Structure formats: C-alpha cells, structure tokens
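Taken in order, these protein sequences are the chains called A and B.
Just so we're aligned, residue 30 is where the first sequence starts under this note's numbering, counting upward by one.
Just so we're aligned, residue 14 is where the second sequence starts under this note's numbering, counting upward by one.
For every residue, glycine included, the Cβ atom is placed at its ideal position computed from N, Cα and C.
Given the structure is predicted, the values throughout are model-derived calculations rather than measurements.
The block underneath contains the structure these notes are about, expressed in structure tokens.
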Amino acid sequence: MNGYNGKFLVLDMSKKEASEFTYPEEWQRTFIGGRGFAVKILWDNVPPGTDPYSEDNWLVFSIGPLSGLSLPSSSKMIVAAKSPLTGGYGDGNLGTRASPQLKKAGYDGIIVKGKAESPTYVVIENDKVEFHDAKDIWGKGTYDTEKYLIEKYGKKAGFLSIGQAGENLVRYATVRSQEGRSGGRPGMGAVMGSKMLKSIVVKGTGKFPQAEPKEALKLGSEGYNMVKNAPNYDHWMGQGTTMILDFLQESSTLPVRNFSAGTYELAAKVDGSELERTKIEQIGCPRCNMQCGIVIKDAEGNNSELDYENIGMLGPNIGIGDLPRVGVLNYMADDYGLDTISTGSVLGMAAEASENGVLGETYSWGDFEKSKDLITRIATRADNIGSLLAEGTMRMAQKWGGDASKWAINVKGLEASAYNAATVPGMALSFGTSPIGAHHKDAWVIQWEIQFSERDAYTPDKAEKVIELQRIRGGMFESLVTCRFPWIELGYDLEAYPKFLEKVTGRSGWNLDEVFEVADRIYALIRAYWVREFVAEGKVWSRKMDYPAERWFVDGLKDGGKYTGGHLEYDKYDELLNSYYGFRNWDLRGIPKEEEFKRLGLEHEAEQLSNLVDLE
Amino acid sequence: MVTIRLVSYLEKMAGFREKEIKIEEPTRVRDLIAFDLPDERLMVVVDDIGGDLDTVVDNDSRVVISPIFGGG
C-alpha cells in the first residue's frame with residue numbers, strides 16, 4: 030500500500046549490525062502504523078516475561094502513514110517498549126524531525142535490540158548505517174548532546190537522544206528531540222540507556238511515499254488554514270495548553286501538594302496569563318503551525334519551554350508558585366531527560382514522606398533549592414534517596430510501606446498527569462484504563478463530564494465517552510501518527526483524517542468506523558500484552574489494575590470549594606468499570622473476551638494468551 | 014445577585030474575572046453578557062450543572078463560562 034515504506038530498520042546493538050524487518054502488508058490495514066505496529070512487533074518478538082533492561086527487550090520507534098507529511102502537526106513518532114516503570118506495555122509520542130527524515134530514509138520505524146558493550150550512537154543516512162563511539166557525549170545532558178550532534182550532522186537531521194536519566198536507568202526517563210520535545214514517559218529513555226544507545230541521528234533524501242501527493246498537499250493546506258483561522262487560535266498561541274490551568278483551579282481539579290488539594294492559593298502566579306505575560310518565544314514540532322511550547326527566561330537565565338503538564342506538576346503539585354522557578358526545574362528535568370510529570374509526582378510524594386518522617390531528610394513544600402538538589406540526585410542516582418526516587422512512586426511506596434501507598438499517585442506504576450481526579454469519576458476511569466498507566470493522552474473528560482453528565486455520577490455515559498476518546502486519541506492519532514491538538518484544541522475536522530489516509534495510501538473506503546475498529550484492535554492487543562507479561566512474571570492480574578490512585582478513594586479532597594472532602598467510592602467505581610468492560614466486550618477481569626479477539630482478527634494472539642490465562 | 018465567573022482567556026476578552034449582577038427576573042445567561050464572547054466552543058455551567066448561553070438563571074446563581082479545552 031502506498032504511504033508506507035514497508036519495512037523497519039533493525040539495529041542490533043550487541044553486534045553493531047543493521048538489517049531490515051519487512052512486516053506483512055496486511056498490518057497497514059489492520060494496525061495502520063505507529064502504536065499499532067509497535068505493540069504488534071513487541072507482542073510477536075519480545076518473549077513473555079522479558080526483563081525490560083535485558084538485551085531481549087526491543088525498543089521500537091514507529092511512525093505512521095501521515096507522519097511527517099504537509100498536514101497540520103504531523104511530525105510525530107511513537108517510541109515503545111516493555112516498560113521498566115510499569116512492567117507492561119509502554120509508549121509515548123514525541124514531535125521530531127526524525128519522523129519525516131526516517132520516512133525519507135525509507136523506513137516506517139526503527140527497532141533497537143541487543144545491548145552495546147560501550148556507549149554508542151547511530152547515524153542513519155538512507156540505507157547507510159554507522160555505529161559510533163559515544164564517549165564524547167555519554168554523561169552529557171540532552172541540550173549539549175544535541176548541540177554536539179548538530180555541529181556534526183547539521184540542523185536538518187533528526188535527533189533522538191537520552192540524557193543522564195536514561196543512562197542511569199531512571200525508570201521514568203524519556204527520549205528527547207529537537208531541543209525541547211520529549212516522549213516515552215514509562216521509561217523509554219531508560220530502555221534506550223540500557224542498550225547503551227545515547228542517540229540516533231536520521232537523515233533521509235528520498236521521497237514521501239504517497240498515492241496522490243497533490244491531493245494530500247491540498248488537503249493539508251486547507252488544514253493549516255483552518256487551524257490558523259480557528260476562533261481561538263490567537264488565544265492558543267498566547268498561552269498554549271496552560272490556558273487550562275484556570276479552569277482546573279475553578280473546578281478544583283488542580284494537582285496541589287501531591288494531589289491532596291484541588292485549588293492552589295498561588296495559581297494566578299503560574300497560570301496561562303502569567304505564562305503569556307512572561308513569554309519570550311514559542312517553539313514547536315516540525316510541520317506545526319500551532320506551536321505549544323512556550324518559552325520563558327527562567328530564574329537562572331535558561332530558556333525553559335513550558336506547557337501545562339510540567340507547570341502543574343513542578344508548580345502547584347510541589348507547592349511552587351513562581352513561574353521562573355518552575356522553569357528552572359523543568360529545564361533541569363528536560364536536560365537530564367526526566368519525564369516532568371513523573372518527576373513532579375515523585376517530588377510531591379517525597380515532600381509528603383518528609384512531612385511524615387519517612388524520607389530521611391527534610392524536604393518541604395515549595396523548597397526550590399531542595400527540589401533542584403533532588404532532581405540532580407534522581408537523574409544521577411547520586412545516593413540512596415536519589416536512587417529510590419529514580420524508581421518512581423510505586424516502588425517508593427513498596428519500600429516505605431504503611432501509609433505511603435496513599436501518597437503514590439499512579440496507575441499501574443505510571444504517575445498521573447496533572448489532573449486531580451478525586452471528584453471526577455470519568456477522569457478517574459480515563460486514568461484507570463489508559464493503556465500505559467495514568468496518562469491523559471488517550472482521554473481527557475473533565476470538562477465533558479461536568480457539562481454534559483453529572484459530575485458526581487458513575488453512569489455508563491462516562492465509560493462510553495472515555496472509550497470514544499480513547500478510540501480517537503489513543504487509537505487513531507497514535508497510529509496515524511500525527512498530533513491530536515489541531516482537532517482537540519482548535520476544532521479541526523476529524524473527518525479530514527480518513528480522507529488524508531485515502532489520499533496518502535491510495536486505498537479508498539477509509540472511514541472513522543474502520544479506523545475505530547483498528548483502535549479497538551490496538552487496545553485489545555495492548556491489554557493482552559499487559560496480562561501476558563503479568564502472568565508470565567508470576568504477578569497477579571486483576572481488575573484492580575484499572576483502579577486509579579488510592580488517595581482519590583480514601584482521602585477527602587482539601588481546598589476543593591464545595592467539593593472539599595470529596596473522594597471516589599470503590600463500589601460505584603466498580604460499576605463504572607463494569608460499564609467500561611461491557612462496552613469493550615472485555616470480561617470482569619478486564620481481559621478481552623475470546624469472541625472480541627475473534628471479531629478483531631486476533632485469534633492467534635488469543636490462542637497464545639490462552640496458554641497463560643483462561644479466556645471467557 | 015448572579016455571579017458570573019469567566020475562565021482563562023475569556024477574562025481578558027471581557028475585562029473582568031468575576032462579577033455579580035442583580036437581576037429583576039429569571040434571565041438567560043446570554044442576556045447577562047454585555048460583551049463579545051465566541052458562541053462556539055464554550056462551556057457554560059450554572060450552579061455546577063451543565064448548561065448553555067440560553068440557560069435561564071436567577072439571583073443566587075453562579076455561572077461559570079469557560080473555553081472548551083482538549084486537555085492536552
């Protein structure tokens with residue numbers, strides 16, 4: 030099918046050899062690309078129970094048929110692997126010039142396997158692949174690493190790098206690109222580090238495979254114009270994602286002091302208006318005309334690129350109400366290659382542990398200098414406390430025991446994004462059922478459930494809405510692979526995407542229903558992957574894996590206005606979860622039923638899974 | 014008094030964040046708005062219940078008007 034190169038480049042780090050992996054053409058219809066290809070490759074090739082840091086784990090970079098083309102915000106790439114943070118399927122997307130460069134180099138992705146004996150970086154120029162000694166950049170932050178690579182290979186190349194956090198196997202290390210883009214929250218940077226792979230440089234000179242390039246370009250031009258003429262475009266360009274912070278404050282859904290409270294007394298010091306007032310420039314991914322990265326001069330003179338998630342987690346969640354200081358912490362995390370959401374959550378938990386005399390040293394809410402100190406100790410695993418915090422909140426809770434489980438705000442081990450779901454059951458379900466752990470990428474429903482449902486209710490409409498969004502955001506956009514922001518933030522027509530697929534692939538008949546069936550297939554296979562890994566490792570899989578953070582059930586929300594004292598209820602959440610499973614045709618353990626696997630053409634995968642667990 | 018709370022950039026458009034308006038009879042939200050707001054992509058919540066610009070409010074109502082966000 031057009032729109033694809035039909036193959037992945039395989040980098041064997043142990044042998045320092047490159048080869049090609051040609052995948053079955055039918056995957057282009059059944060999985061589309063990106064996340065779909067990634068989970069299928071991991072399912073087929075990484076043995077059940079594989080240690081995420083072993084040479085048998087594969088790191089998959091995967092683009093899709095629309096990636097890198099001239100259509101709104103298309104230069105995205107998926108990075109996926111078995112997660113060292115959660116033990117299940119992990120992935121993330123990042124905007125990167127490596128996306129179009131890889132497609133022009135003739136590949137639909139890169140598979141990294143094995144483990145190099147010493148730090149290495151890889152340069153890909155079309156079919157020429159070189160493995161280089163990375164001793165000059167190993168130990169450097171992501172900014173200096175990229176600067177080094179730009180000097181050698183030029184600004185137009187695509188770069189994928191890790192910082193010290195990835196090298197030191199921090200379980201929430203990310204992959205970084207283009208001096209500001211990050212992806213792979215569940216430790217994809219650590220998997221890259223475990224393979225002693227510091228960076229990948231990609232340069233391609235071929236053409237984008239497209240069936241009707243002129244038609245696709247025309248459609249893309251219309252898309253760019255629509256984005257630019259959207260009624261809220263100027264406001265978006267002023268504040269980006271941070272415009273949401275004031276809404277979260279109003280609705281008591283801000284993450285404040287480790288998610289214990291829902292509003293923050295200094296919210297106005299870190300909100301979108303303040304960000305807009307202090308903005309010095311705006312940057313974004315290649316092929317994007319609605320750049321979401323808003324840059325300020327931070328308290329130490331760095332240019333720090335902020336968005337809502339890192340402000341929420343490194344600001345209110347640790348009691349820091351000063352944007353330039355938040356900027357410093359964000360810059361440090363970005364440079365080290367730490368996920369900013371998990372970093373903020375780990376710091377929030379550490380502050381609460383200190384309050385309770387468990388941390389072993391003093392760390393108070395709002396302590397800027399100590400926050401800096403801890404971030405460095407985490408990224409370098411400098412000592413016992415830094416190393417424990419580098420393990421993430423789930424393992425911190427296991428180590429400390431007692432009440433610490435309430436301070437660990439995660440699902441399946443992945444720390445929750447910057448939304449306090451204690452009084453919004455639909456959002457709690459979204460976090461609970463996200464395919465990588467508590468991430469907002471697949472479904473964000475707070476505003477919908479307040480406006481169109483009953484906020485306090487656990488009604489089936491909320492499960493339906495979560496699934497609807499998961500199909501679009503987690504299924505369609507993550508497999509195309511292109512950014513959801515033009516649609517979700519500025520109202521770009523969703524129907525445009527199947528049209529793009531038709532023009533690019535040359536296959537007529539793509540429509541949203543068919544795309545959503547692909548999304549269901551991807552979700553079922555990701556869920557099968559989680560269950561397989563848990564059972565293979567002798568761990569227990571149950572519906573409790575889909576429960577949101579314990580705190581949201583057992584602690585009443587503080588500073589939540591009329592929602593003060595509010596919390597989720599286990600029995601009602603179970604009903605909501607049953608609705609979700611019912612709509613998905615999954616059983617009450619949260620495992621797709623045999624007939625559902627069959628509907629989705631996953632009979633072979635179901636048979637493999639049934640060797641480990643009985644299917645209904 | 015009806016309380017109107019404008020969220021995020023709507024504050025800049027209207028020139029206030031929150032204000033109270035005394036009304037003599039039940040009134041549509043739309044008729045309380047003496048400034049230009051975009052008709053589309055707005056969330057209107059009256060006393061914590063979803064509504065729209067045509068929802069009728071009374072004194073003691075709290076109206077929150079917010080842009081629609083995608084949630085990143």
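Legend entry - Cross-chain neighbours of methionine 14 (chain B) in chain A, by beta carbon under 7 Å: As a working note, residue 14 (chain B) is residue 1 in the second sequence. Within chain A, no residue comes near methionine 14 (chain B); the closest Cβ sits about 18 Å away, beyond 7 Å.
Inset, instruction - With aspartate 275 (chain A) as the anchor, note down where its beta strand (DSSP E) starts and where it stops. - result: As a working note, residue 275 (chain A) is residue 246 in the first sequence. Note, aspartate 275 (chain A): premise wrong, no beta strand (DSSP E); alpha helix (DSSP H) at 274-279.
Legend entry - Identified DSSP bridge partners for alanine 231 (chain A): Residue mapping note: residue 231 (chain A) aligns to position 202 of the first sequence, counting from 1. It is valine, not alanine, that sits at residue 231 (chain A) in the sequence shown. BP columns for valine 231 (chain A) point to A:Ile153, A:Gly187.
Inset, instruction - Could you name the residues of chain A that glutamate 53 (chain B) contacts, counting a contact when the two beta carbons are closer than 8 Å? - result: In the second sequence, counting from the first residue as 1, residue 53 (chain B) sits at position 40. Residues of chain A passing the Cβ test: Pro260, Gly520.
Inset, instruction - Within its chain, find whatever has a CB closer than 6 Å to the CB of asparagine 331 (chain A); leave out the 5 residues flanking it on each side and keep chain order. - result: As a position in the first sequence, residue 331 (chain A) is number 302, starting the count at 1. If we look at asparagine 331 (chain A) and ignore the five residues flanking it on each side, its Cβ neighbours are Tyr360.
Inset, instruction - Would you list, in chain order, the members of the region 571-599 of chain A that have their beta-carbon closer than 8 Å to a beta-carbon of chain B? - result: Lys591
Legend entry - Cβ pair count under 8 Å reaching 3, the region 497-513 of chain A against the region 534-547 of chain A: yes
Inset, instruction - Give the DSSP-derived three-state secondary structure of tryptophan 570 (chain A) in the structure shown. - result: As a position in the first sequence, residue 570 (chain A) is number 541, starting the count at 1. Reduced to three states, the DSSP call for tryptophan 570 (chain A) is coil.
Legend entry - Neighbour flag for glycine 442 (chain A) against chain B, beta carbons, 9 Å: Indexing the first sequence from 1 puts residue 442 (chain A) at position 413. No, because no Cβ of chain B sits closer than 9 Å to the Cβ of glycine 442 (chain A).
Inset, instruction - Write down the C-beta distance between leucine 100 (chain A) and leucine 248 (chain A) rounded to the nearest angstrom, noting that I regard them as a contact closer than 8 Å. - result: Locating residue 100 (chain A) in the first sequence gives position 71, where the first residue counts as 1. Locating residue 248 (chain A) in the first sequence gives position 219, where the first residue counts as 1. Correct: roughly 7 Å between the Cβ atoms.
Inset, instruction - Go ahead and pull the three-state DSSP assignment for lysine 36 (chain A). - result: To locate residue 36 (chain A), count along the first sequence from 1; it is residue 7. Three-state result, lysine 36 (chain A): strand.
Inset, instruction - Output yes if chain B places a C-beta closer than 9 Å to the C-beta of glutamate 476 (chain A); else output no. - result: If you number the first sequence from 1, residue 476 (chain A) lands on position 447. As written in the sequence, residue 476 (chain A) is glutamine, which differs from the glutamate given in the question. Taking Cβ atoms only, chain B reaches closer than 9 Å to glutamine 476 (chain A), which makes this a yes.
Inset, instruction - Could you pull the start and end residues of the beta strand (DSSP E) that leucine 88 (chain A) belongs to? - result: Here residue 88 (chain A) refers to the residue found at position 59 when the first sequence is read from its first residue. Unbroken beta strand (DSSP E) run through leucine 88 (chain A): 88-91.
Inset, instruction - Determine the closest residue to alanine 451 (chain A) out of A:Gly373, A:Ala419, A:Pro353, A:Val583, with distance taken between C-alpha atoms. - result: To locate residue 451 (chain A), count along the first sequence from 1; it is residue 422. The shortest C-alpha separation from alanine 451 (chain A) is found at A:Val583.
Inset, instruction - Report the option in B:Glu31, B:Val70, B:Pro39, B:Met26 whose CA atom is closest to the CA atom of leucine 50 (chain B). - result: As a first step, residue 50 (chain B) must be located in the second sequence, where it is residue number 37. Comparing Cα positions, the closest option is B:Met26.
Inset, instruction - Determine the direct distance from the alpha carbon of valine 68 (chain A) to that of isoleucine 551 (chain A), and round the result to whole angstroms. - result: Here residue 551 (chain A) corresponds to residue number 522 of the first sequence, with the count starting at 1. Here residue 68 (chain A) corresponds to residue number 39 of the first sequence, with the count starting at 1. Using only the alpha carbons, I get a separation of about 7 Å.
Legend entry - Short Cβ contact (9 Å threshold) for glycine 63 (chain A) with glycine 93 (chain A): Residue 63 (chain A) sits at position 34 when you count from the first residue of the first sequence. Residue 93 (chain A) sits at position 64 when you count from the first residue of the first sequence. Their beta carbons are under 9 Å apart, which means glycine 63 (chain A) touches glycine 93 (chain A) by this criterion.
Inset, instruction - Check whether the Cβ of glycine 28 (chain B) lies closer than 9 Å to any Cβ atom in chain A. - result: As a first step, residue 28 (chain B) is located in the second sequence; it is residue number 15 there, counting from the start. No, no contact with chain A.
Inset, instruction - Please list the partners that valine 42 (chain B) has in chain A, where partner means a Cβ-to-Cβ separation under 9 Å. - result: Residue 42 (chain B) sits at position 29 when you count from the first residue of the second sequence. Simply none; closest approach about 13 Å.
Legend entry - Amino acids of chain A, ordered along the chain, whose beta-carbon sits closer than 7 Å to that of isoleucine 81 (chain B): What you label residue 81 (chain B) is simply residue 68 of the second sequence in a count that begins at 1. Here the neighbours are Gln476.
Legend entry - Extent of the continuous alpha helix (DSSP H) to which serine 374 (chain A) belongs: Numbered from its first residue, the first sequence carries residue 374 (chain A) at position 345. Note, serine 374 (chain A): alpha helix (DSSP H), 369-384.
Inset, instruction - Just confirm the distance between the C-beta atoms of serine 91 (chain A) and aspartate 137 (chain A), as a whole number of angstroms; I'd bet it's less than 8 Å. - result: Within the first sequence, the letter at position 62 stands for residue 91 (chain A). Within the first sequence, the letter at position 108 stands for residue 137 (chain A). Yes, they are in contact, since the Cβ atoms of serine 91 (chain A) and aspartate 137 (chain A) sit about 7 Å apart, within 8 Å.
Inset, instruction - Kindly indicate which residue of A:Ala437, A:Ser302, A:Ile407 has the alpha-carbon position closest to the one of arginine 286 (chain A). - result: Locating residue 286 (chain A) in the first sequence gives position 257, where the first residue counts as 1. Checked all of A:Ala437, A:Ser302, A:Ile407; the closest Cα to arginine 286 (chain A) is A:Ala437.
Inset, instruction - Look up alanine 565 (chain A) in the DSSP assignment and say whether it is helix, strand or coil. - result: The sequence position of residue 565 (chain A) within the first sequence is 536, counting from 1. Residue state, collapsed to three classes: helix.
Inset, instruction - Give the interface partners of tyrosine 337 (chain A) over in chain B, defined as CB-CB distance under 7 Å, in chain order. - result: By one-based count along the first sequence, residue 337 (chain A) stands at place 308. Those are Gly85, listed as they occur along chain B.
Legend entry - Buried versus exposed, by CB contacts within 10 Å (16 or more), valine 569 (chain A): The residue labelled residue 569 (chain A) in the question sits at position 540 within the first sequence. The residue in question, valine 569 (chain A), is exposed, as its Cβ has fewer than 16 Cβ neighbours within 10 Å.
Legend entry - Those residues which DSSP pairs with asparagine 439 (chain A) across a bridge: Start at 1 with the first residue of the first sequence, and residue 439 (chain A) comes out as number 410. Note: asparagine 439 (chain A) sits in a beta bridge opposite A:Glu444.
Inset, instruction - Return the residues of the region 58-83 of chain B that lie within a Cβ-Cβ distance of less than 7 Å from chain A, sorted by chain order. - result: Val58, Asp61, Gly63, Val77, Ser79, Pro80, Ile81, Phe82, Gly83
Legend entry - Separation of threonine 271 (chain A) from glutamate 334 (chain A), as counted between CA atoms: The count along the first sequence starts at 1 and reaches residue 334 (chain A) at position 305. The count along the first sequence starts at 1 and reaches residue 271 (chain A) at position 242. Looking at the two C-alpha atoms, the distance is approximately 12 Å.
Inset, instruction - Return the first residue and the last residue of the beta strand (DSSP E) that tyrosine 526 (chain A) is part of. - result: Against the first sequence, residue 526 (chain A) aligns to sequence position 497. Note, tyrosine 526 (chain A): premise wrong, no beta strand (DSSP E); alpha helix (DSSP H) at 525-534.
Inset, instruction - Compare the Cα-Cα distances from arginine 354 (chain A) to each of A:Glu390, A:Ser371, A:Asp336, A:Glu398 and report the closest residue. - result: Stepping through the first sequence from its first residue, residue 354 (chain A) is reached at position 325. The candidate whose alpha carbon is nearest that of arginine 354 (chain A) is A:Glu398.
Inset, instruction - Compute the Euclidean distance between the alpha carbons of threonine 234 (chain A) and glutamate 180 (chain A), then round it to the nearest angstrom. - result: By one-based count along the first sequence, residue 234 (chain A) stands at place 205. By one-based count along the first sequence, residue 180 (chain A) stands at place 151. Answer to the nearest angstrom: the Cα atoms are 19 Å apart.
Legend entry - Opening and closing residue of the alpha helix (DSSP H) in which tyrosine 262 (chain A) lies: Looking up residue 262 (chain A) in the first sequence gives position 233. First-last of the alpha helix (DSSP H) with tyrosine 262 (chain A): 262-268.
Legend entry - Min CB distance tryptophan 473 (chain A) to chain B below 9 Å: Position 444 of the first sequence, counted from the first residue, corresponds to residue 473 (chain A). By this cut-off, tryptophan 473 (chain A) is an interface position.
Inset, instruction - Determine, using beta-carbon pairs with one atom in the region 626-643 of chain A and one in the region 316-327 of chain A, whether at least three such pairs fall under 8 Å. - result: no
Inset, instruction - Label glutamate 636 (chain A) either buried or exposed according to how many other C-beta atoms from any shown protein chain fall within 10 Å of its C-beta, with 16 as the threshold for buried. - result: The residue you call residue 636 (chain A) lines up with position 607 of the first sequence. So glutamate 636 (chain A) counts as exposed.
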